[in-house]
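**Student:** Chains as they are written, first to last, in the numbering used here: chain P, 5 to 338; chain X, 5 to 338.
All residues carry an ideal CB built from backbone N, CA and C; glycine is no exception.
The structure under discussion is supplied below as C-alpha cells; questions concerning it will follow.
There are 2 protein chains.
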Amino acid sequence: MGLRIAIDAMGGDHAPDVVLQGALEAARNHPDLTLLVVGPKGLLEERLTALGVTDLPFTLVDAPDVIGMDESPATAVKMKTRSSIHVGLGLHKQGHADAFVSAGNTGAVMAASLFILGRLPSVSRPSLPSFYPTVKGGSLLIDVGSNVDCKPEHLVQFARMGVCYAKKVWQRENPTVALLNIGEEPGKGNEQAKAAFTLLSQAQGLNFVGNCEGRDVLHHPADVIVTDGFTGNILLKFGESLPGAFKILFGQAAERLGMPREALAPVGALLKEVQRAFDYQNYGGMPLLGLSGTSLIGHGSSSARAIERLIVAGAEVAQAHLPEAISEGMATSA
Amino acid sequence: MGLRIAIDAMGGDHAPDVVLQGALEAARNHPDLTLLVVGPKGLLEERLTALGVTDLPFTLVDAPDVIGMDESPATAVKMKTRSSIHVGLGLHKQGHADAFVSAGNTGAVMAASLFILGRLPSVSRPSLPSFYPTVKGGSLLIDVGSNVDCKPEHLVQFARMGVCYAKKVWQRENPTVALLNIGEEPGKGNEQAKAAFTLLSQAQGLNFVGNCEGRDVLHHPADVIVTDGFTGNILLKFGESLPGAFKILFGQAAERLGMPREALAPVGALLKEVQRAFDYQNYGGMPLLGLSGTSLIGHGSSSARAIERLIVAGAEVAQAHLPEAISEGMATSA
C-alpha cells in the first residue's frame, strides 16, 4: 500500500512495550507500510534494546512529553504540545503521515484530533463508531461515547458518516440505517428518538429502515445502527463483556449439571470461536468520523496483536479517503 | 398463602388459551391461591371446553370488552371500562383480590394501573423494573421502559423503590445501588447521569456504590442498577435476545470449526442451562412500583409456564406489602 502511519507509542495501558511489539509485528507482516513510531526517543530505544531489537524496521520520532491515562483530556491537549499524541497528529496534519493511530486515553485523543486536524465544515459533531458483531457479520454502531448529549439532527449526521464508513471501508452497497429505540413503530421512544426518527425518515438519500430494538441488535437490523453516545457506549461495553461473563456463566452451568471435564473440551473450543467475534482485539480501532484527517482510536487495553490490527486499520481507513467521502455525503444530502 | 389473584385472561400474544393453561397449572400446583380469571365469559368458557376442562379450578369474572395489542393505551384506558384490565384492576382496588397480573400491552396495563389504583403520594413517577441475570444470581434493573424521559430526581426515586423490592421480595439485606453510566469516575456521563450521580451520592439511607459501566452489568455491580427507561429498555431487550442469538452464533461457530454432531450434545445442554438465566419465562413478571396497589406486568409472548410464574409472582409481591414499604422508604429519606 505504501502508506505512512504515525503511531502513538505511549498510548494504552501497556505502553510503550506492547505498542512497540505491535509495530514490530506490523512491520514484519506488512513491509509495504512505513511506520513512524512517536514517543520519548530515549525511553523507546531503551525498551527496544530490552526487547532484543537490533535492526529497527521503523522510524522513531521524538515526543518527550507523556500524557497519563488519568489526566484531564482538555488540559493535556492544551499543555503538552510535545506529547506523542500531539507530535503524531502533527506529522499527519503536515503531510508526513497518511494516518495517526493511538490506543491512548480516548478523551485525550479525540480532543487533540479535533484540535489539531479540525472538523469538516459540514459536520457539527465528529463521532466515534464501533464495529458490533451480529449473526450476519457485523454492524457499525455510532456513536459509542464521543457525544453523550445529542440533538436529533446530530443523529442524522452520525447516520450519514456511518454510511460513508460502511460503503468506503467495508465496501457495502447502499448501506441500511436503523435507529436504536424502544419499539419498532414510529412514535415510540424518548423525545430525542422520536424527533430523530422523523428526521431520518425525511433525510434524502439515506437507506433508513426504521427503528430497531435492543433485541434486534445481534440479529443485524441494518449496516449502520444509530444512537447517542450514552446508550451506544453502554451497549458497546456490555457486548465487550460477553466473552468474559459467558466463560463464568458456562463454568457455573457445567458445575450445576455435574458435567465431566472431558465433555467440556468441545464447549471450550466453541465458546472461544464465538468469543472471537466479540473480541475488540481483532478489530484494532476506529476513526473519529467527521475530521479533516484520519485519526484512529484503539482500545486502552490493546495487546500487541490489537496494536498491529490498529496500524493495519489505519492504513485501510486512510486508503478509503473518508474525509472526502463524508464531505461529499453531507453536501449531496438535504 | 390464601391470596386472591386477579388474572387478565386477554393479556398476551397467545391469549386467552395460554393464559387459561397457565392459570390451570397455577391452580393445580398452588391450591392455596384463589384465582379470578377475568375476560369475556362466553369466550373463556368456549376455550376451556375446547381445552377439555370440565371441572373449573378457578372463578371466571366477566369483562366483555377487548383491548388489542395495537390500540393506543391512553384511549383504551378511557374508552373500555369493561375490559379485562379494567375489571381485574377494579377487583383489586375494591379489595376482592390481593393483586392483579397481566401479560397484555405494557403501555395499556401501566396506564390503567396508574389510573385505577393511583400513585403513592410520595412517588413522582411509578416505575417498571426487571430482573437482570448476573454471574452472582441477578440484579434489579430499574427503569425498563415506563419512563423514557427522566429527570435526575426520578432516578433517585427509582433507586429507593428498587431497594424496597430487593429487600422485601428478594430478602436482600441493605441492598446496594449502582448508576448505569459510561465511566466509573464521578463526573462521567451525560447531563442526566452526572446530576443523578450527585443526588444519589447525597441521598440519605441509600447504599449507593457509584457508577457502573455496560461491561459491569453481568458481573453484578449492585443489587439495584438504576437507569432511565430508554437505556434500561434497550439493555433489557438486548439481554433477552442473547439465548436466541447465541444459539445461532454457536451453530455458525460449530460449522466453521467443522465440529462433529456428537460433540455438540454437551454444548447444547450447557447452552440451554446458561440460557435459562436469560429466559424471561422463568420470572413471570414485575410489579409497577410506586402504585397504591399491586399490579404485575408479564411479557407479551408469555407461555403457559410464564403465566403460571406471573401468577405466583403476583402472590409473592402481594405478600411483601410493597406500597407500604415504599411509602415508608420515601418518608424516612431526605
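1. Residues of chain P with CB closer than 9 Å to the CB of D153 of chain X, please, in chain order.
2. Listed in chain order, which residues of the region 207 to 228 of chain X have Cβ atoms closer than 9 Å to some Cβ of chain P?
3. Tell me the rounded alpha-carbon separation between L326 of chain X and T298 of chain X.
4. Just verifying my parser: in three-state terms, what is the DSSP assignment at A338 of chain X?
5. Using the beta-carbon of each residue, which ones in chain X are nearer than 8 Å to M263 of chain P?
6. For A269 of chain X, does the count of other Cβ atoms within 10 angstroms reach 16, so buried, or fall short, so exposed?
7. Measuring only the C-alpha atoms, how far is A338 of chain P from G304 of chain P?
8. I'd like to check one pair, L132 of chain P with V148 of chain P: are the Cβ atoms closer than 8 Å?
9. When the Cα of F250 of chain P is compared with those of X:D227, X:Q256, X:K276, X:D232, which residue comes out closest?
10. So, under 8 Å CB-CB, F242 of chain X and V221 of chain P are touching, yes? Tell me the CB distance rounded to an integer number of Å.
11. Can you pull the chain X residues whose beta carbon is under 8 Å from the beta carbon of L1 of chain P, in chain order?
12. P225 of chain X by DSSP, collapsed to three states: which one?
13. Can you find a CB in chain P that lies within less than 8 Å of the CB of V278 of chain X?
14. For the candidate residues X:G248, X:V113, X:A329, whose alpha-carbon lies nearest to that of R280 of chain X?
15. Work out the CA separation of L239 of chain X and L210 of chain P for me, nearest whole Å.
16. Mapping the DSSP letters down to three states, classify G289 of chain P as helix, strand or coil.
17. Could you say which of X:E259, X:G218, X:A13, X:A317 lies nearest to A182 of chain X if we only look at CA atoms?
18. Go through the region 193 to 272 of chain P residue by residue and report every complete run of the beta strand (DSSP E) that reaches 3 residues or more, in order.
19. So V321 of chain P and A163 of chain P are in contact, right, with Cβ under 8 Å, and what is the actual spacing, rounded?
20. Anyone know if the C-beta pair for L95 of chain X and L52 of chain X falls short of 8 Å?
21. Which class does S117 of chain P belong to by DSSP, given the choice of helix, strand or coil?
22. Using the beta-carbon count (16 or more within 10 Å), is K140 of chain P buried or exposed?
23. Considering F104 of chain X, what are the terminal residues of the alpha helix (DSSP H) in which it resides?
24. Between which residues of its own chain and S296 of chain P is the CB-CB distance below 8 Å, once the five residues before and five after are set aside?
25. Measure the beta-carbon distance from R313 of chain P to G288 of chain P and round it to whole angstroms, keeping in mind my assumption that it falls under 8 Å.
26. Comparing C-alpha positions only, which one of X:K192, X:S150, X:L28 sits nearest to G236 of chain X?
27. State the DSSP-derived secondary structure class of V23 of chain X, mapped to helix, strand or coil.
28. Classify T38 of chain X as buried or exposed, calling it buried when 16 or more other Cβ atoms lie within 10 Å of its own Cβ.
29. Between X:A267, X:A319, X:I11, which lies nearest to S88 of chain X when the distance is taken from Cα to Cα?
30. In this structure, how does DSSP classify L95 of chain X when only helix, strand and coil are distinguished?
31. What residues of chain P sit near L184 of chain X, judged by a beta carbon separation below 8 Å?
32. By the DSSP assignment, the alpha helix (DSSP H) with F162 of chain P in it spans what residues?
33. Could one say the Cβ of A338 of chain P lies closer than 8 Å to chain X's Cβ atoms, at least one of them?
34. Under the three-state reduction of DSSP, which class applies to L39 of chain P: helix, strand or coil?
35. Around the Cβ of A335 of chain P, are there at least 16 other Cβ atoms within 10 angstroms (buried) or fewer (exposed)?
36. So which residues of chain X does I353 of chain P contact, with C-beta pairs closer than 9 Å?
**Tutor:** If we stick to the structure as given:
1. Taking the second sequence and counting its residues from 1, one reaches residue 153 of chain X at position 149. Correct list: N194, E195, Q196.
2. Those residues of the region 207 to 228 of chain X that come within reach of chain P (Cβ to Cβ, closer than 9 Å) are E217, G218, R219, D220, V221, L222, H223.
3. For the purposes of this step, residue 326 of chain X is taken as the residue at position 322 of the second sequence. For the purposes of this step, residue 298 of chain X is taken as the residue at position 294 of the second sequence. Near 8 Å, if we compare the C-alpha coordinates of T298 of chain X and L326 of chain X.
4. One-based indexing of the second sequence puts residue 338 of chain X at position 334. Note that A338 of chain X has pLDDT 46, beneath the 50 cutoff, so the model's placement of it is unreliable and no number is given.
5. By 1-based counting over the first sequence, the position of residue 263 of chain P is 259. Near M263 of chain P (Cβ distances below 8 Å), the residues of chain X are P270, A273, L274.
6. What you label residue 269 of chain X is simply residue 265 of the second sequence in a count that begins at 1. With fewer than 16 Cβ atoms within 10 Å of its Cβ, A269 of chain X is classed as exposed.
7. Translated into positions along the first sequence, residue 338 of chain P becomes position 334. Translated into positions along the first sequence, residue 304 of chain P becomes position 300. Caution is warranted here: a pLDDT of 45 is assigned to A338 of chain P, below 50, making its placement in the model unreliable, and the coordinate value is therefore given only provisionally. Answer to the nearest angstrom: the Cα atoms are 38 Å apart.
8. In the first sequence, residue 148 of chain P corresponds to position 144, counting from 1. In the first sequence, residue 132 of chain P corresponds to position 128, counting from 1. Yes, Cβ-Cβ distance for V148 of chain P and L132 of chain P is below 8 Å.
9. Counting from 1 along the first sequence, the entry for residue 250 of chain P is found at position 246. The shortest C-alpha separation from F250 of chain P is found at X:K276.
10. Locating residue 242 of chain X in the second sequence gives position 238, counting from the first residue. Locating residue 221 of chain P in the first sequence gives position 217, counting from the first residue. Yes, F242 of chain X and V221 of chain P are in contact; Cβ-Cβ is about 6 Å, under 8 Å.
11. Outside the displayed range of chain P (5 to 338) lies residue 1 of chain P, so it cannot be described from this structure.
12. The count along the second sequence starts at 1 and reaches residue 225 of chain X at position 221. P225 of chain X falls in the coil class under three-state DSSP.
13. Walking along the second sequence from the start, residue 278 of chain X turns up at place 274. It does; some Cβ of chain P falls within 8 Å.
14. What you label residue 280 of chain X is simply residue 276 of the second sequence in a count that begins at 1. Measuring from the Cα of R280 of chain X, the nearest candidate turns out to be X:G248.
15. Looking up residue 210 of chain P in the first sequence gives position 206. Looking up residue 239 of chain X in the second sequence gives position 235. Roughly 27 Å between the two C-alpha positions.
16. As a working mapping, residue 289 of chain P is identified with position 285 in the first sequence. If DSSP states are grouped into helix, strand and coil, G289 of chain P belongs with the strands.
17. The count along the second sequence starts at 1 and reaches residue 182 of chain X at position 178. Proximity to A182 of chain X across X:E259, X:G218, X:A13, X:A317 peaks at X:G218, based on C-alpha coordinates.
18. 211 to 216, 228 to 230
19. Numbered from 1 along the first sequence, position 317 holds the residue referred to as residue 321 of chain P. Numbered from 1 along the first sequence, position 159 holds the residue referred to as residue 163 of chain P. Contact doesn't hold; Cβ gap of about 19 Å is too wide.
20. Mapped onto the second sequence, residue 95 of chain X falls at position 91. Mapped onto the second sequence, residue 52 of chain X falls at position 48. The Cβ atoms of L95 of chain X and L52 of chain X lie no closer than 8 Å to each other.
21. As a working note, residue 117 of chain P is residue 113 in the first sequence. Note: S117 of chain P maps to helix in three-state DSSP.
22. For the purposes of this step, residue 140 of chain P is taken as the residue at position 136 of the first sequence. K140 of chain P should be labelled exposed.
23. Residue numbering aside, residue 104 of chain X sits at position 100 when the second sequence is read from its first letter. No alpha helix (DSSP H) holds F104 of chain X; the beta strand (DSSP E) holding it covers 103 to 106.
24. The sequence position of residue 296 of chain P within the first sequence is 292, counting from 1. Correct list, in chain order: L121, G122, R123, L124, P327.
25. Translated into the one-based positions of the first sequence, residue 313 of chain P becomes position 309. Translated into the one-based positions of the first sequence, residue 288 of chain P becomes position 284. Indeed they touch by this definition, with Cβ atoms about 3 Å apart.
26. Here the question's residue 236 of chain X lines up with position 232 in the second sequence. Nearest of X:K192, X:S150, X:L28 to G236 of chain X, Cα basis: X:S150.
27. Position 19 of the second sequence, counted from the start, is the residue given in the question as residue 23 of chain X. Reduced to three states, the DSSP call for V23 of chain X is helix.
28. Position 34 of the second sequence, counted from the start, is the residue given in the question as residue 38 of chain X. Here T38 of chain X is buried, its C-beta having at least 16 other C-beta atoms within 10 Å.
29. Position 84 of the second sequence, counted from the start, is the residue given in the question as residue 88 of chain X. For S88 of chain X, the nearest C-alpha among the options comes from X:I11.
30. Within the second sequence, the letter at position 91 stands for residue 95 of chain X. In this structure, L95 of chain X counts as helix in the three-state DSSP scheme.
31. Reading the second sequence from its first residue, position 180 is the one you call residue 184 of chain X. Result: I238.
32. Indexing the first sequence from 1 puts residue 162 of chain P at position 158. It spans 156 to 172 - the alpha helix (DSSP H) in which F162 of chain P sits, taken as one unbroken run.
33. In the first sequence, residue 338 of chain P corresponds to position 334, counting from 1. Note that A338 of chain P has pLDDT 45, beneath the 50 cutoff, so the model's placement of it is unreliable and the number below is only indicative. No, A338 of chain P does not count as interfacial toward chain X.
34. Counting from one through the first sequence, the residue named residue 39 of chain P turns up at place 35. Reduced to three states, the DSSP call for L39 of chain P is strand.
35. By 1-based counting over the first sequence, the position of residue 335 of chain P is 331. So A335 of chain P ends up on the exposed side.
36. Because chain P is modelled from 5 through 338, residue 353 of chain P falls outside the range shown and cannot be assessed.
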